[in-house]
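Data first, discussion second: the structure below is written as structure tokens.
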Amino acid sequence: METEPLLTGRLRRGSSDYGSGSEHGCSDPLRTRRMSYSVAGGSCSVEGDDEALYIQQAVVFIEDAIQYRSINHRVDTSSLRLYRWYYSKICQWGLGLTIAVVLMLAFVERPSSLSASSDPRYRAPPWEPPCGLTESIEMVCLVIFCLDLAVKSYLIGWEEFRKSKWLIGYTVVLSASIIDWVLSVSMECDEKLRVRRLIRPFFLLQNSSLMKKTLKCIKRTLPEIASVFLLLALHLCLFTMIGMLLFAKTEDPEMNGEWELYFKNLPQALTSLLVLLTTANNPDVMIPAYTFNRGYSIFFIIFSVFGTFFLMNLLTAIIYNQFRGYLLMSVQTSIIRRRLGIRAAFQILTCQGANRATEQRVNVDKLLEVLSRVTMKSYYRVAIIKEVQQYAAVGSIERQAFGKLFDELDKDRIKDHPPLPQYESPILQKLQVIFSHYYVTIVGNVMALANVICICTVLVLNSEKSIAEMDDYYMEVINCCFIVCYLLEIFLKIFAFGWKGYISYRNNIFDGLLIIPLLVLQVTIFVAYRLPYPQWKIWEMVRLINLLIVFRFLRVIPDIKLMALVASTLLDLVKNLRAFAGILVVVYYIFAVFGIWLFEGAIKSPGAHMSVSSNSTMENITSNFSMVCGTYEQLGYWPNNFDDFAASIVLLYNVMVVNNWQAFMDVYSRYTTEWAKVYFVCWWLTSSVMWVNLFVALILENFIYKWDRSHSCSVTEVERTRYETSVQLMFKEQIQEPTEEELLTQLHQHPHLHLLC
């Protein structure tokens, strides 16, 4: 559920709005089950005696705070039950699965991506689903989305629904999708364009609060970087004019190579320098002129230095700086939501009972009951309950202490390992001390390195041999010895740490999960071939064992602090920065659909008419066609096309990497129109300039944040500490905490509690 920011727009109301809110609340049938507060006096009274309702309200408000959700939803018993069901893991996973299914339909729908190759010369006719198959699946998804919209709209109420642009957009997109679906079915799936394919990514956007914030930040960032784009365009146009003057057509045909290839007309010159800005055609673009006069290189060097190294990097810095500022504002809203949810829970718990409270304090027993019902991670629950129990002697908790209890949500999780097993024998005790030492892990890493070196040596010696010629006897003997050592290491660690202590280390779990298949493969070899002998020919089995051993060498990462930090940062990015990747998925999806609409079937390969089963080689197919060096045809880029959705995604990725992206821009401008270049330039600006730079900047922000927190920790402490970085924590130091007055103002403006002054 997403509503307007809590402190945006609503703080502009005057005190008279409270009165209007009260009048609105008097007509509500739930009026007898709601509360009235006296803010000035710090007291409250309860109308009605439904203690279970107050407990349930406090539970939901705390859950809202944990998940940074808005509390502006209905608070009666049945609505709270529906609200918790809606945000349960099963329901949210089901909704996420529905979104994934409706997005994946693009791979199956016509033009289908269900073929082994995307190369039109070798591609067999793909399987096309019959009319009604994908449409039936899509209608089921649309019905689920309609239910999702209905539940969201009911929970927040009509007043909040009218203020939510996302929910209004959700309604419009669903309506357009259903209308387009009806038209598609009525035309027996023979329509040329499916508009609903283009708007499907909206379902992904509206389901993620952080993705909405990210999109809003991007929208606000665009005007700020317009000046740099303008300067970049001016730089490009200026050098285009200079280039056309320098490389004008002359009377000597041998001197016209630069003009013919790159500066023949304005669009060609502009495109050549734009590609040079990405260094994709460097130094090809200057070779014809540089061949006859080395002085021409100055023009291209000055253009690249100023444009590529100055303006493009300046653009990256501005994008990062401006986006970071706007993201900080959005994160500020999330923090306010957490503080407001906690404050609302406190206000609810202080108003239990029929008597007027003389002091705002929460009963410890009631708070423990609430916490036992709150859905949260177990280690957070344990930490908060431990803090609450410190007030057991007093019996109650005041407001400030209540808020500090939930600071545990922002702390790192410290994983305590189980105690070591106790042995009575002095010899066993000494062995336990030896085998529980950190040096045992180092020895294990050295063995893994030695094993990888052996594998590498054998691969180098056998690099030019076929599989039949390879001698796998010695490699198998070496691997067998190392596997025995790995098993011995595991048994010794289990002896030293105990079974529970052994699996409490993540690198031990990783080790064990790889040793088990290694052991199974080795036993399989012995069962099938008995004892080893030089005539063994089991290279496929040995190769699989080698793959697992090489992969097992990753166990060294947790034991090297910097590597562990980098790996942890990457895992954190996958978990907590999914919203940024989600926006990129949306952009990919939209551009891929547009690409299919514009360019499907535009390129006809010279061998497309030939049978796939013919004996013609690629050289025979292309030998009768003259191809310019560096073009789409000469490079053999036939699999990169817009003939289906999967191929479109791969082509867009290749353009985003910008290596030889001018070949795609050139071929589609030749086979269609010059305006095709606009599509590729827009994609380059969106993906490579905007998003890749932004993603790199956020990776740096995440890494710097984690580095600052862990630079004083040892390797063992890094292993014990499970950093759970979120975007909110990354900007925690820059966030301004809301005041008590702001929180109370928001509570009084709650559309369903109807607090009275």
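End of the sequence shown sits at 756 in numbering that gives the first Met the number 0; the numbers just go up one at a time, nothing left out.
We put the CB at the ideal spot given by N, CA and C, even for glycine.
Nearest neighbour of residue i, chosen from the options [CA to CA]
i: GLU259; options: GLN399, LEU547, ILE286; result: ILE286
i: SER77; options: SER69, GLN56, LYS88; result: GLN56
i: GLY600; options: TRP498, TRP180, TYR667, ASP406; result: TYR667
i: ASP409; options: TYR378, PRO418, THR744; result: TYR378
i: VAL393; options: THR374, VAL363, LEU370, GLY95; result: VAL363
i: LEU583; options: THR220, ASP283, SER687, LYS365; result: SER687
i: GLY242; options: LEU634, PHE679, PRO266, ILE489; result: PRO266
i: VAL171; options: PHE202, GLU190, SER185, VAL150; result: PHE202
i: ILE318; options: ALA247, LEU230, ILE217; result: ILE217
i: THR290; options: GLU253, THR270, ARG669; result: GLU253
i: LEU778; options: ALA316, GLN205, LEU276; result: Coverage of the chain is limited to positions 0 through 756, which leaves residue 778 absent and any answer about it impossible.
i: ILE65; options: LEU404, THR630, PHE679, LYS191; result: LEU404
i: ILE454; options: SER462, HIS436, MET474, VAL445; result: MET474
i: ALA247; options: LEU697, ASN264, ILE383; result: ASN264
i: ILE396; options: MET375, LEU367, ALA382, THR374; result: LEU367
i: ASP179; options: ARG195, LEU104, MET311, MET210; result: ARG195
i: VAL304; options: PHE238, CYS140, GLU187, SER87; result: PHE238
i: ALA51; options: PRO425, GLU739, LYS365; result: LYS365
i: TRP596; options: LEU458, VAL59, ASP642; result: ASP642
i: ASN507; options: THR440, CYS479, MET446; result: THR440
i: ALA449; options: LEU430, CYS480, ASP75, LYS464; result: CYS480
i: MET186; options: GLY131, ASN478, VAL526, ARG293; result: GLY131
i: VAL445; options: LEU553, SER435, LEU430, GLU386; result: LEU553
Local Cβ density within 10 Å of residue i, reported as buried at 16 or more and exposed below that
i: MET655; result: buried
i: GLY581; result: buried
i: PRO418; result: exposed
i: CYS350; result: buried
i: TRP682; result: buried
i: PRO801; result: The chain is shown from 0 up to 756; residue 801 falls before or after that span and cannot be answered.
i: ALA149; result: exposed
i: TYR437; result: exposed
i: GLU250; result: exposed
i: ASN545; result: buried
i: MET689; result: buried
i: VAL476; result: exposed
i: GLU158; result: exposed
i: GLY8; result: Note that GLY8 scores a pLDDT of 33, beneath 50, so its modelled location is shaky; the value from the coordinates is reported in the next line. Label assigned to GLY8: exposed.
Cα-Cα separation between residue i and residue j, rounded to whole angstroms
i: PRO737; j: LEU339; result: 9 angstroms
i: ALA343; j: GLN359; result: 13 angstroms
i: TYR760; j: GLU137; result: Residue numbering for the chain in the displayed model covers 0 to 756; residue 760 lies beyond these limits and cannot be assessed.
i: GLN521; j: ILE433; result: 29 angstroms
i: VAL225; j: LYS499; result: Note that residue 225 corresponds to Ala in the displayed sequence, not to Val. Cα to Cα, ALA225 sits roughly 58 angstroms from LYS499.
i: THR133; j: GLY635; result: 34 angstroms
i: VAL284; j: PHE298; result: 11 angstroms
i: PRO282; j: TYR261; result: 13 angstroms
i: SER604; j: ILE98; result: 36 angstroms
i: MET311; j: LEU273; result: 12 angstroms
i: MET210; j: VAL586; result: 12 angstroms
i: LEU752; j: LEU743; result: 13 angstroms
i: GLY402; j: SER333; result: 16 angstroms
i: VAL627; j: ARG669; result: 13 angstroms
i: TYR652; j: PRO200; result: 18 angstroms
Distance CB(residue i)-CB(residue j) smaller than 9 angstroms
i: ARG336; j: ASP63; result: yes
i: ASP510; j: GLY443; result: yes
i: LEU154; j: TYR82; result: yes
i: ILE70; j: HIS749; result: yes
i: VAL657; j: ALA232; result: no
i: VAL649; j: ASN639; result: yes
i: GLY306; j: HIS234; result: yes
i: VAL451; j: VAL549; result: yes
i: LEU214; j: ASN692; result: no
i: TYR631; j: ALA675; result: no
i: MET664; j: PHE679; result: yes
i: ILE143; j: LEU204; result: no
i: THR685; j: PHE598; result: no
i: HIS416; j: PHE496; result: yes
i: GLN331; j: THR220; result: no
i: CYS140; j: VAL101; result: yes
i: LEU513; j: ARG551; result: yes
i: SER183; j: THR374; result: no
The segment 126-136 contacting the segment 107-114, beta-carbon criterion three pairs below 8 angstroms
yes
Please determine if the segment 480-489 and the segment 509-524 are in contact, where contact requires at least 3 C-beta pairs separated by less than 8 angstroms.
yes
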